[in-house]
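Participant: Have a look at the structure that comes next, please.
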Amino acid sequence: MQAGLAGYSDMAMRTVARRRGCPYAVTEALLDQVLLRGGRGREKGAILCDEDHPVAGQLMGSDPHELAAACKLLVTAGFDVIDLNFACPVKKVMGRSRGGYLLSDPATAIAIMRTVRDALPHTLLSIKLRRALNETPQAADWFDEVFNEALNLRFAAIAIHGRTVEQKYTGRANWDFLARLPARLSSLQPSSRPTLFGSGDVFTAADALRMYQHTGLDGIWIARGAIGNPWIFREFAALLAGQPLPLPPSVHEQKDALLEHFSLAVQIYGEELASRQMRKIAIKYSKLHPDGPTVWREFIAVKNQREWDDVLARHYTKDAAGISLPSVPDAADLCNTSCEAAAV
Ligand SMILES: Cc1cc2nc3c(=O)[nH]c(=O)nc-3n(C[C@H](O)[C@H](O)[C@H](O)COP(=O)(O)O)c2cc1C
Numbered sequence: 019m020q021a022g023l024a025g026y027s028d029m030a031m032r033t034v035a036r037r038r039g040c041p042y043a044v045t046e047a048l049l050d051q052v053l054l055r056g057g058r059g060r061e062k063g064a065i066l067c068d069e070d071h072p073v074a075g076q077l078m079g080s081d082p083h084e085l086a087a088a089c090k091l092l093v094t095a096g097f098d099v100i101d102l103n104f105a106c107p108v109k110k111v112m113g114r115s116r117g118g119y120l121l122s123d124p125a126t127a128i129a130i131m132r133t134v135r136d137a138l139p140h141t142l143l144s145i146k147l148r149r150a151l152n153e154t155p156q157a158a159d160w161f162d163e164v165f166n167e168a169l170n171l172r173f174a175a176i177a178i179h180g181r182t183v184e185q186k187y188t189g190r191a192n193w194d195f196l197a198r199l200p201a202r203l204s205s206l207q208p209s210s211r212p213t214l215f216g217s218g219d220v221f222t223a224a225d226a227l228r229m230y231q232h233t234g235l236d237g238i239w240i241a242r243g244a245i246g247n248p249w250i251f252r253e254f255a256a257l258l259a260g261q262p263l264p265l266p267p268s269v270h271e272q273k274d275a276l277l278e279h280f281s282l283a284v285q286i287y288g289e290e291l292a293s294r295q296m297r298k299i300a301i302k303y304s305k306l307h308p309d310g311p312t313v314w315r316e317f318i319a320v321k322n323q324r325e326w327d328d329v330l331a332r333h334y335t336k337d338a339a340g341i342s343l344p345s346v347p348d349a350a351d352l353c354n355t356s357c358e359a360a361a362v
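19 is the number of the first residue of the sequence shown in the working numbering; add one for each residue after it.
Below you can see the structure in the form of structure tokens.
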């Protein structure tokens, strides 16, 4: 599935991914209070299109009743699933008792889950967790309390990022922890088992297959690996079916995806904002281009649609084979996305 990614996983990114084999997607974390107050622009994260289903709307908040009211708004807006974020490690979010903070306060986390369940008895609910707040035994107990309540309340899906909240985006995700999760469902009837998604360090389709095989989870939550690489979904599907890895997308396939992404982004943000928004996305696409570093430098300097069109005309008119991505991205790239996450 296409992961929640603040600043990225909007209707444009999700739709481009779906056209390349992604079966399910979630929004970025939307703030309950912003939705309830009707916005100031941030509610653009809740925009959907007909192609963008099934889709989960992800919410973040601290007050059970406000969160439940915002969940109802997302159901009315056409979301198929409501996802609660108890994972975000950003200081500002934690400081307001939201996101990953809730893994240190299971009583409030459980109150939120129960209030939302009561408010929406027939809606599919899911939850995004990290493997704990930190490495302490107490944090492991807090995780268990929240995880078990999701089972009690018949949540449809649970996604777990294999890092702790305090790790933020440093170090490796603990896939061994993820591999121990399916056994916790063994006492449940098959019909009441949630779908378990694993997250963390999935940068290529080969990584996704390795996580799937190593953990035995039901699905893979593809996050940074999908930014600028929507082909990762069809590649993973091929590997799962035992087929060889498809060739990386050609320059013309990349151009088609960039044009689709831009035109969908214009529908959401208008032309001016979309041109700026696309810079950080296009530089990720450039990694698949045979002249990647040059294309990267030109995309990062784009200020308006004319300059955007010029870069496409200069570098994407002639077709050529695309570049295969390495399994472990370079450190600078990881830092860029983590810094953006910290800025949310
Ligand atoms: C820039 C950025 C923004 C993110 N925003 C969200 C978000 O809004 N909701 C969410 O559930 N996770 C969010 N995450 C976490 C990812 O979905 C994912 O769990 C995490 O990056 C680990 O996967 P990866 O190592 O394969 O990237 C974000 C991560 C990054 C890097």
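We treat Cβ as the ideally placed atom computed from N, Cα and C, and that holds for glycine. As the structure is a prediction and not an experimental result, all values here were calculated from the model.
Kindly indicate which residue of Pro311, Lys321, Ser342, Asn322 has the alpha-carbon position closest to the one of His333.
Facilitator: Nearest of Pro311, Lys321, Ser342, Asn322 to His333, Cα basis: Pro311.
Participant: Tell me, please, whether the CB atom of Gly56 is closer than 8 Å to any CB atom in chain B?
Facilitator: The displayed structure is made up of one protein chain only, and chain B is not part of it.
Participant: Looking at the unbroken beta strand (DSSP E) that takes in His179, where does it start and where does it end?
Facilitator: Here the beta strand (DSSP E) through His179 covers 175–179.
Participant: Would the C-beta of Lys146 count as close to ligand 1, meaning under 7 Å from any of its heavy atoms?
Facilitator: For ligand 1, at least one heavy atom lies less than 7 Å from the Cβ of Lys146.
Participant: Going by beta carbon distance, what residues of the same chain come within less than 6 Å of Val362, once the five residues before and after it are set aside?
Facilitator: With a pLDDT of 35 at Val362, under the threshold of 50, the predicted position of this residue should be treated as unreliable, and no value is reported.
Participant: Could you name the residues of the same chain whose beta carbon sits closer than 7 Å to that of Arg190, not counting the 5 residues immediately before and after it, in chain order?
Facilitator: Cβ within range, chain order: Asp219.
Participant: With distances taken Cα to Cα, identify the nearest neighbour of Ala331 among Ala283, Trp193, Val269.
Facilitator: Nearest C-alpha to Ala331: Val269.
Participant: DSSP on Asp236, reduced to helix/strand/coil?
Facilitator: Coil at Asp236, not helix or strand.
Participant: Please classify Ala359 as buried or exposed, where buried requires at least 16 other C-beta atoms within 10 Å of its C-beta.
Facilitator: Low local confidence applies: a pLDDT of 44 at Ala359 is under 50, so the model's placement there is unreliable, and no value is given.
Participant: Looking only at DSSP bridge pairs, what is Leu102 linked to?
Facilitator: Beta-bridge pairing links Leu102 to Leu77, Ile145.
Participant: So Gly75 packs on Asp50, CB below 8 Å; how close in whole Å?
Facilitator: That belief does not hold up - the Cβ atoms of Gly75 and Asp50 are roughly 11 Å apart, past 8 Å.
Participant: How is the beta strand (DSSP E) around Gly246 delimited, first residue to last?
Facilitator: No beta strand (DSSP E) holds Gly246; DSSP gives it neither H nor E.
Participant: Leaving aside the five residues before and after Leu48 along the sequence, list all residues of the same chain whose C-beta is less than 8 Å from its C-beta, in chain order.
Facilitator: Arg60, Glu61, Gly63, Ala64, Gly75, Gln76, Leu77, Met78, Ala88, Leu92.
Participant: Please name the residue or residues paired with Phe215 in a DSSP beta bridge.
Facilitator: Answer is Ala177, Gly237, bridged to Phe215.
Participant: State the Cα-Cα distance for the pair Gly22 and Ala201, rounded to the nearest angstrom.
Facilitator: Approximately 26 Å, taken between the alpha carbons.
Participant: Report the partner residues of Gln20 according to the DSSP bridge assignment.
Facilitator: DSSP lists Ala43, Ile240 as partners of Gln20.
Participant: Could you say which of Ala105, Pro344, Gly96 lies nearest to Pro266 if we only look at CA atoms?
Facilitator: The candidate whose alpha carbon is nearest that of Pro266 is Pro344.
Participant: Classify Leu343 as helix, strand or coil using the three-state DSSP reduction.
Facilitator: Looking at Leu343 - three-state DSSP - the assignment turns out to be coil, as it is neither helix nor strand.
Participant: So is the beta-carbon of Gly113 under 7 Å away from any non-hydrogen atom of ligand 3?
Facilitator: Judged by which ligands are present, ligand 3 is missing from the structure shown, whose ligands are ligand 1.
Participant: How about Ala174 and Leu142: do their beta carbons lie closer than 8 Å?
Facilitator: Their beta carbons are under 8 Å apart, which means Ala174 touches Leu142 by this criterion.
Participant: Taking contact to mean at least 3 C-beta pairs separated by less than 8 Å, is the stretch 133–151 in contact with the stretch 97–112?
Facilitator: In short, these stretches touch, since the Cβ pair count reaches three.
Participant: So for Leu48, helix, strand or coil by DSSP?
Facilitator: Here Leu48 sits in strand by DSSP.
Participant: If we count Cβ pairs, one from each stretch, closer than 8 Å, do we get three or more for the stretch 242–250 versus the stretch 23–40?
Facilitator: Yes, since at least three Cβ pairs between the stretch 242–250 and the stretch 23–40 fall closer than 8 Å, the two stretches touch.
Participant: DSSP on Cys89, reduced to helix/strand/coil?
Facilitator: Helix at Cys89.
Participant: Can we say the stretch 162–174 touches the stretch 116–133, given the rule of at least three CB pairs closer than 8 Å?
Facilitator: Yes, since at least three Cβ pairs between the stretch 162–174 and the stretch 116–133 fall closer than 8 Å, the two stretches touch.
Participant: Does DSSP put Pro208 in a helix, in a strand, or in coil?
Facilitator: Here Pro208 sits in helix by DSSP.
Participant: So is the beta-carbon of Cys67 under 7 Å away from any non-hydrogen atom of ligand 1?
Facilitator: No - ligand 1 has no heavy atom lying nearer than 7 Å to the Cβ of Cys67.
Participant: Considering only their Cβ atoms, is the gap separating Ala197 from Ala30 smaller than 8 Å?
Facilitator: No, these two residues do not count as a Cβ contact at 8 Å.
Participant: Quick check on this structure: which residue in Val329, Tyr187, Glu325 has the alpha carbon closest to the alpha carbon of Asp309?
Facilitator: Selected option, being the one with the closest Cα: Val329.
Participant: Give the straight-line distance between the Cα atoms of Ala349 and Tyr26, rounded to the nearest whole angstrom.
Facilitator: Annotation note: pLDDT 49 at Ala349 (below 50); position unreliable, coordinate value reported separately. Roughly 20 Å between the two C-alpha positions.
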